[in-house]
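There are 2 protein chains.
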Amino acid sequence: MNKPEYCIEVPLDQAYRLHTHGPTVLISAAYHQERDVMTAAWNMPLDFAPPKLAVVLDKSSYTRTLIEKSGSFVLQVPTIAQKDLVTTAGSTSGKTILNEQHTDKLTAQHIAAFHGQTTDAPLIQNCIAWLECRLIPEPHNQQAYDLFIGEVVAAWADARVFKDGHWDFSQHPELRTLHHVSGGHFFTITELS
Amino acid sequence: MNKPEYCIEVPLDQAYRLHTHGPTVLISAAYHQERDVMTAAWNMPLDFAPPKLAVVLDKSSYTRTLIEKSGSFVLQVPTIAQKDLVTTAGSTSGKTILNEQHTDKLTAQHIAAFHGQTTDAPLIQNCIAWLECRLIPEPHNQQAYDLFIGEVVAAWADARVFKDGHWDFSQHPELRTLHHVSGGHFFTITELS
């Protein structure tokens, strides 16, 4: 699948703006013929330029295994229309699906994806931002805290809602971001009145 | 100033729920007679139990200096009514105020605070959650990434909006959280319709 036409490149020094407001994100990775995607509410920007970010990945996650093997991943920002996908991706194991159904989570759950520029990790369709990352190996952080640090090496956003370097959902409220509260319950964002 | 009467203790294993949805927060610290507060959009929970969290603190921040000296800090969640305070606390230096006005940022900017249970760091009034943290020293993370990790040792929330372990702003929309976008522009959160 090709990159959607509304998907524009974001200058690297603006990449932090894509998740400074605290959305729940999807993390994807691939290694050889294997790929996976998972939900991560615990993520944050870490630096402006070169842009870095941090994300918490549980040891049981198959996506984490693929990141450790491949050294790269994608952090992408899903929308309220993808709530079910985000919930399912966060509550099912790619390894279990692989063992039981002999296919990956994306195929089993009909999650469409396209190719990025610097990584084999799948870029999930219908998200509104994609940050391609090179893993900065920090074994102590990864083991002690499940904390992974990436350098953003390419960034993309949906031009319908990321304009002139800023989020603007006024024309497309259906593309607003998800913010996990607890137990599968989400908030979304809105303008301050 | 005493703790507000609506301020209830939150079980430590629920502390992560206070900022999983990605709010911009205030970080405060104190050392001997000095105290400071700063804004931090880049923060996230790091573990459930014992609860830990991570936050990015720029090297120029006086709050960071006080955290390094005292080994403790408070992460608190401000509301939309505190937007001006959050903007000002994020754009002024406590060290500059101390040098020029011979007082601290809280006094200079009329920011009221009360005492916590485990730390001398001030708990900022009119926030809706307060996480008292013990710094887990990680010199490499602090130097290389400005990344600070804390163990949450006491947690409090506003009982009007944190009920039965969950955020519920339906009765108090004026107490909703701030989510920094860029350039002093904020979103707030709302229920998914």
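Sequence lines, in order, name chains A and B. Using my numbering, the letters of the first sequence correspond one by one to residues 5 to 197. Using my numbering, the letters of the second sequence correspond one by one to residues 5 to 197. Heads up, the beta-carbon is just placed ideally off N, CA and C, and yes, glycines get one too. All values derive from a computational prediction rather than experimental measurement.
Check: Closer than 8 Å, Cβ to any Cβ of chain A: which residues of the segment 70-99 of chain B, in chain order?
Finding: Hits within the stretch, in order: Ile84 and Lys87.
Checklist line | Short CB-CB distance (under 7 Å) between arginine 68 of chain A and chain B | finding: no
Notebook entry, point to check: Would you say threonine 194 of chain A reaches chain B, if we count a Cβ-Cβ gap shorter than 7 Å as a contact?
Noted result: yes
Next item on the list: Please classify alanine 163 of chain A: does DSSP put it in a helix, a strand, or coil?
Entry: Coil.
Next item on the list: Tell me whether asparagine 103 of chain B is buried or exposed, calling it buried when 16 or more other Cβ atoms sit within 10 Å of its Cβ.
Entry: exposed
Note to self: Quick test of the definition: if touching needs 3 or more C-beta pairs under 8 Å, does the segment 8-23 of chain B touch the segment 130-137 of chain B?
What the structure shows: yes
Note to self: Can you pull out the residues from the segment 26-57 of chain B whose beta carbon lies closer than 8 Å to at least one beta carbon of chain A?
What the structure shows: Gly26, Pro27, Thr28, Ala45, Trp46, Asn47, Met48, Pro49, Leu50, Asp51 and Lys56
Next item on the list: Establish whether the CB of arginine 164 of chain B and some CB of chain A are separated by less than 7 Å.
Entry: no
Check: What residues in its chain sit with their C-beta under 7 Å from that of alanine 117 of chain A, if we drop five residues either side in the sequence?
Finding: Met5, Leu110, Pro126, Leu127, Ile128 and Gln129
Check: Should lysine 63 of chain B be counted as a contact of the ligand GDP given a C-beta to heavy atom distance under 6 Å?
Finding: Absence of the ligand GDP from the depicted structure is noted, as is the absence of any ligand whatsoever, leaving it without description.
Note to self: Buried or exposed, going by whether 16 or more other CB atoms sit within 10 Å of the CB of phenylalanine 52 of chain A?
What the structure shows: exposed
Check: Does the beta carbon of phenylalanine 191 of chain A come closer than 7 Å to any beta carbon on chain B?
Finding: yes
Next item on the list: Quick one: list the residues of chain A neighbouring tryptophan 160 of chain B, beta-carbon separation under 9 Å, in chain order.
Entry: Result: empty, since nearest Cβ-Cβ is about 18 Å, beyond 9 Å.
Next item on the list: Classify proline 55 of chain A as buried or exposed, calling it buried when 16 or more other Cβ atoms lie within 10 Å of its own Cβ.
Entry: buried
Next item on the list: Please confirm whether leucine 16 of chain B and glycine 154 of chain B have their CB atoms less than 7 Å apart.
Entry: Taking a C-beta distance under 7 Å as the contact criterion, leucine 16 of chain B and glycine 154 of chain B do not qualify as a contact pair.
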